[in-house]
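**Q** Here it is: the structure, laid out below.
See the structure below:
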């Protein structure tokens, strides 16, 4: 295949440019999405950036909750919040979207470049295309996007390491880890990459004299990780974070667990990709035995096992897996001796074969782009948010309502909405937010979940905390959250005064009368006009929780007329019309 690296003719050059553009378009398509601030932790990160110098205690303890103020924890992503806040001041949420896309493009480009250096252009493009779609699993604005870029840089520095002049690239490693340890907890995975490379050098008859610079710079990288506000605790935190993790979140669940709860196409594609990846290692071992390669790729093998275990262990690691295996997959696939399959080549030159291969990749990329655009409008199998810059339409409306009507706390809010409230209601304290490590384990097991699941517990803690407002995300599909919202909507002591696509607000009935049944139906009808299928489904779900089956079924019928071939809508209608007439059993 070395012949494919020859001088490009004009057609091949054009096809290479089109391949770059196709892959870049896919990255843009995956990450160019509006942010639903009501379900993300972005609001808390922005507030961290705004307050970190005024209130440095937020680096060491629970700062935003009135239920557990001062509870010690390690804020390991404060620098990401500072960067996000600086960008937010420059251009609001729109510039944050552009920045997120830029991080993704830079990350994919670096891994593509490494893959091309290890193989050649076509195989690198093929490997990138195979792994790219899984990035949609976690494409929101999150601090881990910095980790993806830093992992790409670490991989690049280590991959180009030699005992000669190229070691100079490693000088950047300590500085990289100095930033990384204050930005996101995945710095530990970067240290694992360094460790795998170090072990490979030992296996390959490590010579201290020739590799002492690598040894020193690796040690400096570990020392650099001590330069964080929590010092040794910050360095060791990746090993300790789950020791006080009292709330089970979907992103930390295994693939085998999640696949039984929802239809996530990224899981399906991961299984296919994992099989391809394993087969590529089979190709490598077969060639290794046959050709007696000089050096065994120990670091690649250890990294493959490591990220595969992570991916199977928790769904949040799927994008990490897809990125880190791309260069390894490319190198393994490049070992296939295509020139032995003369009958398949039909006597075509290597340059013509490259052009045909790239043409195929461009066509497949185009088909995938069309599919993803369609998917974002109907099924949301891969792209779960609408395309666009900045925030989802109307996501801050509930906070504006809260302020305009002089509502007050203490607020009872759910886990998902905490970070939103930290940003949208600055200065106010929340009941809980989506950083479980900042709360005692017992808070979730003895208070938060029982309070929603048991009416006696609700009455107990209502008296203890004197709740003045219930402010919830009605997209929370945990059994206790659904049970609680259904109970409060039917509770005569509480009045529903506001709802939209994202949230509901209730206040004590003694303070304010709620929306009438006619007003609720009228608002449901108004909100369900000219919105995405996903938002209509959310509104139908809310109507069901409120006991308004007629409104829910009307929304489902409208969706079915608009999208008659959607499997997800057909399944929902089946469960609503055939399986059960019980509101409590619907959409669980």
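Residue numbers (the numbering used here): 938 to 1525. C-beta atoms are modelled at their ideal positions from N, C-alpha and C, and glycine is treated no differently.
Once you ignore the five residues that flank residue 1136 on each side, which residues in its own chain have a CB closer than 8 angstroms to its CB?
**A** Along the chain shown, one-based indexing puts residue 1136 at 199. Only 1235, 1236 and 1239 meet the Cβ criterion.
**Q** Can you check whether the CB of residue 1181 is closer than 7 angstroms to the CB of residue 1378?
**A** Within the chain shown, numbered from 1, the residue matching residue 1378 stands at position 441. Within the chain shown, numbered from 1, the residue matching residue 1181 stands at position 244. A contact, by the Cβ cut-off of 7 angstroms.
**Q** Ignoring anything shorter than 4 residues, give me the alpha helix (DSSP H) runs that lie fully in the region 1337–1397, in order along the chain.
**A** Taking only runs of at least 4 residues, the alpha helix (DSSP H) segments lying wholly in the region 1337–1397 are 1355–1361 and 1386–1390.
**Q** Counting only the same chain and skipping the five closest in sequence on each side, list residues whose C-beta sits under 6 angstroms from that of residue 968.
**A** As a first step, residue 968 is located in the chain shown; it is residue number 31 there, counting from the start. 1037, 1038, 1041 and 1076, listed in sequence order.
**Q** Examine the Cβ distances between the region 1433–1453 and the region 1384–1391 and report whether three or more of them are shorter than 8 angstroms.
**A** Not touching, per the Cβ criterion.
**Q** Is the Cβ-Cβ distance between residue 1158 and residue 1114 less than 7 angstroms?
**A** Reading the chain shown from its first residue, position 221 is the one you call residue 1158. Reading the chain shown from its first residue, position 177 is the one you call residue 1114. In contact: residue 1158 and residue 1114 (Cβ atoms closer than 7 angstroms).
**Q** Give the straight-line distance between the Cα atoms of residue 1034 and residue 1324, rounded to the nearest whole angstrom.
**A** Counting from 1 along the chain shown, the entry for residue 1034 is found at position 97. Counting from 1 along the chain shown, the entry for residue 1324 is found at position 387. Their Cα atoms are separated by approximately 11 angstroms.
**Q** Hey, how far is the Cα of residue 1013 from the Cα of residue 1118?
**A** Taking the first residue of the chain shown as position 1, residue 1013 is located at position 76. Taking the first residue of the chain shown as position 1, residue 1118 is located at position 181. Spanning the two alpha carbons is a distance of roughly 7 angstroms.
**Q** May I have the straight-line CA-CA distance separating residue 1544 from residue 1369, to the nearest angstrom?
**A** Nothing can be reported for residue 1544, as the shown portion of the chain is limited to 938 through 1525.
**Q** At which residues does the alpha helix (DSSP H) containing residue 1435 begin and terminate?
**A** What you label residue 1435 is simply residue 498 of the chain shown in a count that begins at 1. It is not in any alpha helix (DSSP H) - residue 1435 instead sits in the beta strand (DSSP E) that spans 1431–1436.
**Q** Out of curiosity, what's the CA-to-CA distance linking residue 1362 and residue 1452?
**A** Walking along the chain shown from the start, residue 1362 turns up at place 425. Walking along the chain shown from the start, residue 1452 turns up at place 515. One C-alpha to the other measures close to 23 angstroms.
**Q** Curious, which full-length alpha helix (DSSP H) runs of at least 4 residues does the region 960–996 contain?
**A** List check, alpha helix (DSSP H) in window: 979–988.
**Q** Which one of 1436, 1265, 1226 and 1233 has the shortest CA to CA distance from residue 1244?
**A** The residue labelled residue 1244 in the question sits at position 307 within the chain shown. Ranking 1436, 1265, 1226 and 1233 by Cα distance to residue 1244 puts 1265 first.
**Q** Is the Cβ-Cβ distance between residue 1055 and residue 1268 less than 7 angstroms?
**A** In the chain shown, counting from the first residue as 1, residue 1055 sits at position 118. In the chain shown, counting from the first residue as 1, residue 1268 sits at position 331. A contact, by the Cβ cut-off of 7 angstroms.
**Q** For residue 1258 and residue 1333, what's the separation of their Cα atoms in angstroms?
**A** The residue you call residue 1258 lines up with position 321 of the chain shown. The residue you call residue 1333 lines up with position 396 of the chain shown. For residue 1258 and residue 1333, the distance between alpha carbons rounds to 34 angstroms.
**Q** Excluding the five sequence neighbours on either side, which residues of its own chain have a C-beta within less than 8 angstroms of the C-beta of residue 1092, listed in chain order?
**A** For the purposes of this step, residue 1092 is taken as residue 155 along the chain shown, with counting starting at 1. Closer than 8 angstroms at Cβ, skipping near neighbours: 1047, 1048, 1051, 1130, 1261 and 1264.
**Q** Three or more C-beta pairs closer than 8 angstroms, one from the region 1403–1412 and one from the region 1297–1313: is that the case here?
**A** Too few Cβ pairs lie closer than 8 angstroms, so no.
**Q** Pop quiz: residue 952 and residue 1296 are said to be a contact at Cβ under 8 angstroms. What is the actual Cβ separation, rounded to whole angstroms?
**A** On the chain shown, position 15 is the one that residue 952 refers to. On the chain shown, position 359 is the one that residue 1296 refers to. Their Cβ separation, rounded to whole angstroms, is 6 angstroms, which keeps residue 952 and residue 1296 in contact under 8 angstroms.
**Q** Please say whether residue 1071 and residue 946 have beta carbons closer to each other than 7 angstroms?
**A** To locate residue 946, count along the chain shown from 1; it is residue 9. To locate residue 1071, count along the chain shown from 1; it is residue 134. No, these two residues do not count as a Cβ contact at 7 angstroms.
**Q** So, with DSSP's three-state summary, where would you put residue 1527?
**A** As displayed, the chain neither begins before 938 nor continues past 1525, which places residue 1527 out of reach and without an answer.
**Q** Quick check on the burial criterion: 16 or more other C-beta atoms within 10 angstroms. Buried or exposed for residue 1226?
**A** Taking the chain shown and counting its residues from 1, one reaches residue 1226 at position 289. Label assigned to residue 1226: exposed.
**Q** Do residue 971 and residue 1171 have their beta-carbon atoms positioned less than 7 angstroms apart in this structure?
**A** Here residue 1171 is taken as the residue at index 234 of the chain shown, counted from 1. Here residue 971 is taken as the residue at index 34 of the chain shown, counted from 1. Contact: no.
**Q** Can you check whether the CB of residue 979 is closer than 7 angstroms to the CB of residue 1078?
**A** The residue you call residue 1078 lines up with position 141 of the chain shown. The residue you call residue 979 lines up with position 42 of the chain shown. It is a contact, given that the beta carbons lie within the stated cut-off.
**Q** Confirm, please, whether the CB-CB distance from residue 1388 to residue 1351 is below 7 angstroms.
**A** Within the chain shown, numbered from 1, the residue matching residue 1351 stands at position 414. Within the chain shown, numbered from 1, the residue matching residue 1388 stands at position 451. Going by C-beta atoms, residue 1351 is not nearer than 7 angstroms to residue 1388.
**Q** In the DSSP assignment, find the beta strand (DSSP E) that holds residue 1409 and state where it starts and stops.
**A** Here residue 1409 is taken as the residue at index 472 of the chain shown, counted from 1. Where residue 1409 is concerned, the enclosing beta strand (DSSP E) stretches over 1406–1410.
**Q** Take residue 1467 and list the residues in its own chain whose beta-carbon comes closer than 6 angstroms to its own, dropping the five residues that flank it on each side.
**A** Start at 1 with the first residue of the chain shown, and residue 1467 comes out as number 530. None.
**Q** Can you tell me where the alpha helix (DSSP H) with residue 1096 in it begins and where it stops?
**A** For the purposes of this step, residue 1096 is taken as residue 159 along the chain shown, with counting starting at 1. Residue 1096 -> alpha helix (DSSP H) spans 1081–1096.
**Q** Inspect the beta-carbon positions of residue 1413 and residue 1353 and report whether they are closer than 7 angstroms.
**A** Translated into positions along the chain shown, residue 1413 becomes position 476. Translated into positions along the chain shown, residue 1353 becomes position 416. Yes, these two residues count as a Cβ contact at 7 angstroms.
**Q** Cβ of residue 1001 within 7 angstroms of Cβ of residue 1220?
**A** Numbered from its first residue, the chain shown carries residue 1001 at position 64. Numbered from its first residue, the chain shown carries residue 1220 at position 283. Not a contact, by the Cβ cut-off of 7 angstroms.
**Q** Can you name, in chain order, every residue of its own chain whose Cβ lies under 8 angstroms from the Cβ of residue 1411, other than the five neighbours on each side?
**A** Taking the chain shown and counting its residues from 1, the one referred to as residue 1411 is at position 474. Same-chain partners within the cutoff: 1422, 1436, 1439, 1440, 1441, 1475, 1478, 1479 and 1482.
**Q** If I follow the unbroken alpha helix (DSSP H) through residue 1021, where does it start and stop?
**A** The residue given as residue 1021 occupies position 84 in the chain shown. Start and end: 1015–1055.
**Q** My assumption, with CB atoms under 8 angstroms, is that residue 1044 sits in contact with residue 1086. Please give the rounded CB distance.
**A** Within the chain shown, numbered from 1, the residue matching residue 1044 stands at position 107. Within the chain shown, numbered from 1, the residue matching residue 1086 stands at position 149. So it is a contact: roughly 5 angstroms between Cβ atoms.
**Q** Between the alpha carbons of residue 1120 and residue 1016, how many angstroms are there, rounded?
**A** Looking up residue 1120 in the chain shown gives position 183. Looking up residue 1016 in the chain shown gives position 79. About 5 angstroms.
**Q** Note down the Cα distance separating residue 1336 from residue 1457, rounded to an integer number of angstroms.
**A** Here the question's residue 1336 lines up with position 399 in the chain shown. Here the question's residue 1457 lines up with position 520 in the chain shown. Those two C-alpha atoms are separated by around 19 angstroms.
**Q** For a quick check, are the C-beta atoms of residue 975 and residue 1357 less than 7 angstroms apart?
**A** For this step, residue 975 is matched to residue 38 along the chain shown. For this step, residue 1357 is matched to residue 420 along the chain shown. Yes, the pair counts as a contact, with Cβ atoms nearer than the cut-off.
**Q** Determine the DSSP secondary structure at residue 1452, reduced to helix, strand or coil.
**A** On the chain shown, residue 1452 is found 515 positions in, with the first residue counted as 1. It is coil, neither helix nor strand.
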